[in-house]
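J.:
2 protein chains.
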Amino acid sequence: MSRFIRVVPVRDAVSSLLSIAPDPGMESIVLSEALFRIPHADIIASHDIPGFARSIVDGYAVISTDTIGAGESLPAMLTCTGRIEMGSSDPGSIVAGECRYVPTGGMMPVGADAVVMIEYTETAGDQILVNRPASSGENYVAPDEDFATGEVIIPSGHRILPQETGVLAAAGILSLSVRRIPRVAVIATGNEIIAPQCDPLPGQVRDVNSIVCESFILQCGCIPVPCGIVPDEPDALTAAIQQAVLTSDAIFISGGSSKDERDATARVIAELGRILVHGIAISPGKPTIIGQIGNCPVIGLPGHPSSAFMVMRAICGPLLSAMSGIAIPEHACSATLDAGIPSAKGREDYVRVHLRDGVASPLFSKSGLLHTLVQSDGYVRVPAESEGFETGAVVEVILW
Amino acid sequence: MSRFIRVVPVRDAVSSLLSIAPDPGMESIVLSEALFRIPHADIIASHDIPGFARSIVDGYAVISTDTIGAGESLPAMLTCTGRIEMGSSDPGSIVAGECRYVPTGGMMPVGADAVVMIEYTETAGDQILVNRPASSGENYVAPDEDFATGEVIIPSGHRILPQETGVLAAAGILSLSVRRIPRVAVIATGNEIIAPQCDPLPGQVRDVNSIVCESFILQCGCIPVPCGIVPDEPDALTAAIQQAVLTSDAIFISGGSSKDERDATARVIAELGRILVHGIAISPGKPTIIGQIGNCPVIGLPGHPSSAFMVMRAICGPLLSAMSGIAIPEHACSATLDAGIPSAKGREDYVRVHLRDGVASPLFSKSGLLHTLVQSDGYVRVPAESEGFETGAVVEVILW
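Line by line, the protein sequences are chains G and L. Under full-length UniProt numbering, the first residue of the first sequence is numbered 1, with each subsequent residue one higher. Under full-length UniProt numbering, the first residue of the second sequence is numbered 1, with each subsequent residue one higher.
(1) Just verifying my parser: in three-state terms, what is the DSSP assignment at T65(G)?
(2) With 16 other CB atoms within 10 Å as the buried threshold, where does C220(L) fall?
(3) When the distance is taken between beta carbons, is A170(G) closer than 7 Å to residue 412(L)?
(4) Give me, in chain order, the residues of the same chain whose beta-carbon lies closer than 8 Å to that of M323(G); leave out the 5 immediate sequence neighbours on both sides.
(5) Quick one: does L399(L) have its CB under 7 Å from some CB of chain G?
(6) Closer than 7 Å by beta-carbon distance: list the chain G residues that pair up with Q163(L), in chain order.
(7) When the Cα atoms are used, what is the spatial distance from T67(G) to R100(G)?
(8) Does any residue of chain G have a CB that is nearer than 7 Å to the CB of K259(L)?
(9) Rounding to the nearest angstrom, what Cα-Cα distance links M1(G) and A240(G) in this structure?
(10) Step through the CB atoms of chain L and report whether any lies within less than 7 Å of the CB of R347(G).
(11) Am I right that S306(G) and T372(G) are in contact with their C-beta atoms under 8 Å? What's the rounded C-beta distance?
(12) If I measure Cβ to Cβ from L18(G) and keep anything under 8 Å in the same chain, skipping five residues before and after, which residues do I get?
(13) Pairs of beta-carbons, one from the region 224 to 242 of chain G and one from the region 326 to 343 of chain G, closer than 8 Å: are there three or more?
(14) Determine whether the beta carbon atoms of G87(G) and N191(L) lie at a separation below 7 Å.
(15) Below 7 Å between beta carbons: does that hold for V196(L) and G172(G)?
(16) For P362(L), count neighbouring Cβ atoms within 10 angstroms of its own Cβ and tell me buried if that reaches 16, exposed if not.
(17) How many angstroms separate the CA atom of H40(L) from the CA atom of S46(L)?
(18) How is V245(L) classed by DSSP in three states: helix, strand or coil?
(19) For a cutoff of 7 Å on Cβ pairs, would you count V205(L) as touching chain G?
(20) M26(L) and S175(L) look like a contact to me (Cβ under 8 Å); what is the Cβ gap, rounded to whole Å?
(21) Would you list the residues sitting across from M107(G) in a DSSP beta bridge?
(22) With a 10 Å radius around its C-beta and 16 neighbouring C-beta atoms as the bar for buried, classify P6(L) as buried or exposed.
(23) Express the C-alpha separation of C296(G) and T265(G) in angstroms, rounding to a whole number.
(24) Let me know the alpha helix (DSSP H) ranges lying completely inside the UniProt domain "MoaB/Mog" (185 to 322) of chain L, each 4 residues or longer, listed in chain order.
(25) Which residues bound the beta strand (DSSP E) around R356(L)?
(26) Would you call the region 341 to 350 of chain L and the region 368 to 382 of chain L in contact, with 3 or more CB pairs under 8 Å?
(27) Excluding sequence positions up to five away, which residues of its chain have a Cβ less than 6 Å from the Cβ of E390(G)?
(28) Give the residues of chain L in contact with L174(G), contact being defined as C-beta atoms less than 7 Å apart.
(29) Cβ atoms of I275(G) and I187(G): under 7 Å apart, would you say?
(30) Taking Cβ-Cβ distances shorter than 7 Å, what residues in chain L pair up with K366(G)?
(31) Here's the rule I'm using: 16 or more other beta-carbon atoms within 10 Å means buried, otherwise exposed. How should D235(L) be labelled?
(32) What number of angstroms, rounded off, separates the C-alpha of G273(L) from the C-alpha of R262(L)?
(33) So which residues of chain G does D232(L) contact, with C-beta pairs closer than 8 Å?
(34) When DSSP builds the beta bridges, which residues end up paired with Q127(L)?
(35) For P155(L), does the three-state DSSP call read helix, strand or coil?
(36) Restricting to Cα atoms, I'd like to know which of V95(L), F216(L), E233(L) is closest to V225(L).
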């Protein structure tokens with residue numbers, strides 16, 4: 001089958017893709033790989049943290065009732081029975097009338113129920129004068145005060161932030177089960193396409209789309225699987241796709257830009273699976289194909305790099321985001337157009353713009369050229385229901 | 001020397017650090033590693049792109065003067081001399097009265113100066129009826145129209161975006177010289193600190209700061225160099241720092257949280273180099289040390305993980321950004337405080353908040369606890385000149 005299905009709106013194309021976004025499943029990783037990963041179950045404290053009563057100041061561990069009424073004029077006088085070393089597991093104990101020096105982070109001696117900051121004490125031989133009353137529980141944390149056994153440390157589905165890797169370390173979580181990072185196969189097709197390391201003869205062009213796809217996939221937090229350049233032969237493309245389905249969770253095929261090649265890609269996808277969308281009401285990027293082979297979404301991107309890239313932004317980003325569980329941040333600003341952007345109603349236009357001092361200049365060029373991708377700072381989206389923007393209009397520019 | 005220098009404002013601490021930020025220099029990388037790297041010189045096209053006259057539509061290459069006056073009622077009749085294959089280096093030539101089929105992306109035959117889209121033609125045997133006049137230059141790109149030899153493809157200092165990796169591929173740029181990614185050594189000190197894979201005895205705590213430092217460094221686009229846990233012995237710390245200076249562009253030392261340990265760290269830094277700042281008017285994070293050993297900035301972070309992390313956000317981020325050349329995006333939103341935040345004048349406070357439905361709840365807890373790092377969605381910065389915010393105040397929340 002290679003009949004053209006009707007051109008669908010961008011939002012329908014995105015819905016189609018999201019409806020077939022596969023769950024990449026789970027994998028086990030070690031703590032040092034946990035940054036920005038997403039646990040698939042609540043991570044629970046298996047023991048109390050910090051696990052012992054811990055001073056939060058440099059000072060003297062005391063029994064608070066010994067300090068009732070203490071003041072500068074009438075300090076409480078306590079016998080210092082020594083000094084607790086950092087990391088020591090044996091802080092000893094104190095009884096009424098005694099105190100013991102404890103550094104910040106040190107373990108409280110048995111019997112103590114408060115710490116007096118060193119600033120509020122004076123030393124007189126082995127006696128410590130305490131100038132201020134301490135209340136029970138002051139200046140230390142209880143063994144389970146940070147996290148108690150059984151408490152949720154990081155909830156399921158939460159993307160682990162830098163500071164949270166430390167909490168995992170504190171809890172001794174050395175491995176964890178997280179959402180697997182989706183792998184996305186990248187295939188380039190076209191008899192005119194050669195690898196970047198080759199010198200093109202006239203009529204040949206270096207493969208641009210593969211590395212742009214791979215870079216975009218990386219930017220989306222997924223893993224690109226480069227599958228090379230396939231000539232415009234259905235058997236070769238079939239073999240490449242069948243191989244890619246085995247190794248990847250989704251496939252991006254940047255089609256040749258001629259109609260024959262696009263048709264070949266659609267035909268092969270249809271034979272191996274099914275086609276959901278063939279043609280999107282988007283400019284550039286109309287001849288995009290959305291298919292599915294087994295559980296694997298397959299996107300046939302246009303051959304023109306600038307078209308392919310805009311389609312990635314418009315529809316592949318949401319797919320990868322759904323698969324990875326990671327929202328792709330989009331940064332935008334307002335700008336005034338210094339030239340009009342005409343647009344056909346019923347079609348979403350993605351017009352690249354150059355931005356300077358709040359003024360956006362639309363970059364129009366012949367299709368297939370790369371330089372608008374380099375010269376632009378972002379793009380303006382013209383909604384399907386709009387006929388474009390006039391000079392002087394204030395528009396939202398979505399920044400690269 | 002270990003005298004305390006006066007506590008300095010946050011902005012002065014940042015200025016001090018920026019004044020000693022080393023240039024990490026350059027390194028050569030291959031094209032597949034170019035994403036998000038920063039070239040140190042303009043990248044120039046060494047040949048024309050696309051390098052040949054290239055059709056941008058499916059249609060017939062013609063000599064435009066053959067189509068003057070052509071219309072639906074009186075089409076121009078041209079002899080089709082064949083079909084140009086994609087990737088073919090030999091498109092042949094045409095003379096007056098002839099045309100040749102050329103697919104999108106195909107090479108123009110010699111003699112042709114326009115392409116008529118297939119939609120405006122009809123086939124009659126080996127004759128092609130052209131229903132519309134073509135103007136010279138229409139529907140193809142000239143050999144140097146995308147980039148001409150000598151043109152700047154990507155300017156020096158520009159961070160290479162996904163779409164731009166494709167332009168490098170098109171130009172056959174297989175390797176490039178870019179700013180080296182800074183390496184940052186991470187040392188934890190403290191006799192009470194044990195590796196996360198160990199089971200803590202009472203009085204011991206697992207190393208939280210190292211992995212938080214390493215995660216933060218990764219988030220900033222730099223390379224962490226884990227240097228392990230060093231006991232509170234000047235000789236051990238000296239050896240660890242001397243080793244780190246050899247391998248890294250900057251050093252983060254998370255100090256023990258007791259005053260003795262902080263003093264030891266400052267003393268060692270002073271002996272090996274110099275101390276610029278010892279104490280910052282920031283809460284949490286006051287006992288931070290900024291030093292320099294050779295050309296290597298050394299930051300002595302507080303031992304409390306939440307303090308260390310806020311200092312990373314406040315002063316280490318700007319340093320890494322200056323070294324890497326990569327701005328670290330900061331996302332913020334407005335929210336209404338549901339409780340007041342008192343603050344001492346002259347000190348910048350970083351108060352972690354929980355955020356829900358536009359309401360920010362300040363999270364206060366004893367120092368040294370980790371859970372505010374997990375429970376918070378971001379933080380509110382109270383400027384040094386402010387005495388805090390009252391309940392109901394609308395504040396800016398900087399999101400994690």
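By construction, the Cβ of each residue, glycine as well, lies at the ideal position given by its N, Cα and C atoms. Values in this document were obtained by computation on a predicted structure and should not be read as measured data.
T.: The short version:
(1) By 1-based counting over the first sequence, the position of residue 65(G) is 65. The answer is helix: DSSP assigns T65(G) an H, G or I state.
(2) Translated into positions along the second sequence, residue 220(L) becomes position 220. Its Cβ being crowded by 16 or more others within 10 Å, C220(L) is buried.
(3) Past the edges of chain L, shown from 1 to 400, lies residue 412(L), and the structure says nothing about it.
(4) The count along the first sequence starts at 1 and reaches residue 323(G) at position 323. If we look at M323(G) and ignore the five residues flanking it on each side, its Cβ neighbours are A21, P22, D23, P24, P182, C222, D249, A250.
(5) As a first step, residue 399(L) must be located in the second sequence, where it is residue number 399. Chain G, which has no Cβ nearer than 7 Å to the Cβ of L399(L), makes this no.
(6) Stepping through the second sequence from its first residue, residue 163(L) is reached at position 163. Those within 7 Å of Q163(L) in chain G are V212, F309, L373.
(7) In the first sequence, the residue the question calls residue 67(G) occupies position 67. In the first sequence, the residue the question calls residue 100(G) occupies position 100. The alpha-carbon atoms of T67(G) and R100(G) are separated by roughly 14 Å.
(8) Counting from one through the second sequence, the residue named residue 259(L) turns up at place 259. Judged by the 7 Å Cβ criterion, K259(L) is in contact with chain G.
(9) To locate residue 1(G), count along the first sequence from 1; it is residue 1. To locate residue 240(G), count along the first sequence from 1; it is residue 240. Unreliable placement is indicated for M1(G), whose pLDDT of 42 sits below 50; no coordinate value is reported for it.
(10) The residue given as residue 347(G) occupies position 347 in the first sequence. It does not; no Cβ of chain L falls within 7 Å.
(11) Translated into the one-based positions of the first sequence, residue 306(G) becomes position 306. Translated into the one-based positions of the first sequence, residue 372(G) becomes position 372. That pair is a contact at about 6 Å.
(12) The residue you call residue 18(G) lines up with position 18 of the first sequence. The residues are P318, L319, A322.
(13) no
(14) Against the first sequence, residue 87(G) aligns to sequence position 87. Against the second sequence, residue 191(L) aligns to sequence position 191. For G87(G) and N191(L), yes; Cβs fall inside 7 Å.
(15) The residue labelled residue 196(L) in the question sits at position 196 within the second sequence. The residue labelled residue 172(G) in the question sits at position 172 within the first sequence. At residue 196(L) the sequence reads Pro, which differs from the Val that was named. Yes, the pair counts as a contact, with Cβ atoms nearer than the cut-off.
(16) Against the second sequence, residue 362(L) aligns to sequence position 362. So P362(L) counts as buried.
(17) To locate residue 40(L), count along the second sequence from 1; it is residue 40. To locate residue 46(L), count along the second sequence from 1; it is residue 46. Approximately 17 Å between the Cα atoms of the pair.
(18) Residue mapping note: residue 245(L) aligns to position 245 of the second sequence, counting from 1. Here V245(L) sits in helix by DSSP.
(19) Mapped onto the second sequence, residue 205(L) falls at position 205. Yes - at least one Cβ of chain G is within 7 Å of the one on V205(L).
(20) To locate residue 26(L), count along the second sequence from 1; it is residue 26. To locate residue 175(L), count along the second sequence from 1; it is residue 175. About 12 Å separates the two Cβ atoms, so there is no contact after all.
(21) The residue labelled residue 107(G) in the question sits at position 107 within the first sequence. M107(G) is bridged to R54(G).
(22) As a working mapping, residue 6(L) is identified with position 6 in the second sequence. Looking at the sequence itself, residue 6(L) is Arg, so the reference to Pro does not match. Exposed is the call here.
(23) Stepping through the first sequence from its first residue, residue 265(G) is reached at position 265. Stepping through the first sequence from its first residue, residue 296(G) is reached at position 296. Rounded to the nearest angstrom, the two C-alpha atoms are 16 Å apart.
(24) 209 to 219, 234 to 247, 259 to 272, 305 to 311
(25) Counting from one through the second sequence, the residue named residue 356(L) turns up at place 356. 348 to 356 is the span of the beta strand (DSSP E), which, as asked, contains R356(L).
(26) yes
(27) The residue you call residue 390(G) lines up with position 390 of the first sequence. Excluding sequence neighbours, E390(G) sits near G340.
(28) Position 174 of the first sequence holds residue 174(G). What L174(G) touches in chain L: P196, Q197.
(29) Position 187 of the first sequence, counted from the first residue, corresponds to residue 187(G). Position 275 of the first sequence, counted from the first residue, corresponds to residue 275(G). Against a cut-off of 7 Å, the Cβ pair of I275(G) and I187(G) comes out as no contact.
(30) Within the first sequence, the letter at position 366 stands for residue 366(G). In chain order: I56, V141.
(31) Within the second sequence, the letter at position 235 stands for residue 235(L). Classification of D235(L): exposed, given that the 10 Å Cβ count is below 16.
(32) In the second sequence, the residue the question calls residue 273(L) occupies position 273. In the second sequence, the residue the question calls residue 262(L) occupies position 262. Cα to Cα, G273(L) sits roughly 16 Å from R262(L).
(33) Here residue 232(L) corresponds to residue number 232 of the second sequence, with the count starting at 1. Near D232(L) (Cβ distances below 8 Å), the residues of chain G are M86.
(34) Position 127 of the second sequence, counting from 1, holds the residue named residue 127(L). Paired residue(s): T79(L), A124(L).
(35) Mapped onto the second sequence, residue 155(L) falls at position 155. Coil, per DSSP.
(36) Your numbering for residue 225(L) matches position 225 in the second sequence. The shortest Cα separation from V225(L) among V95(L), F216(L), E233(L) belongs to F216(L).
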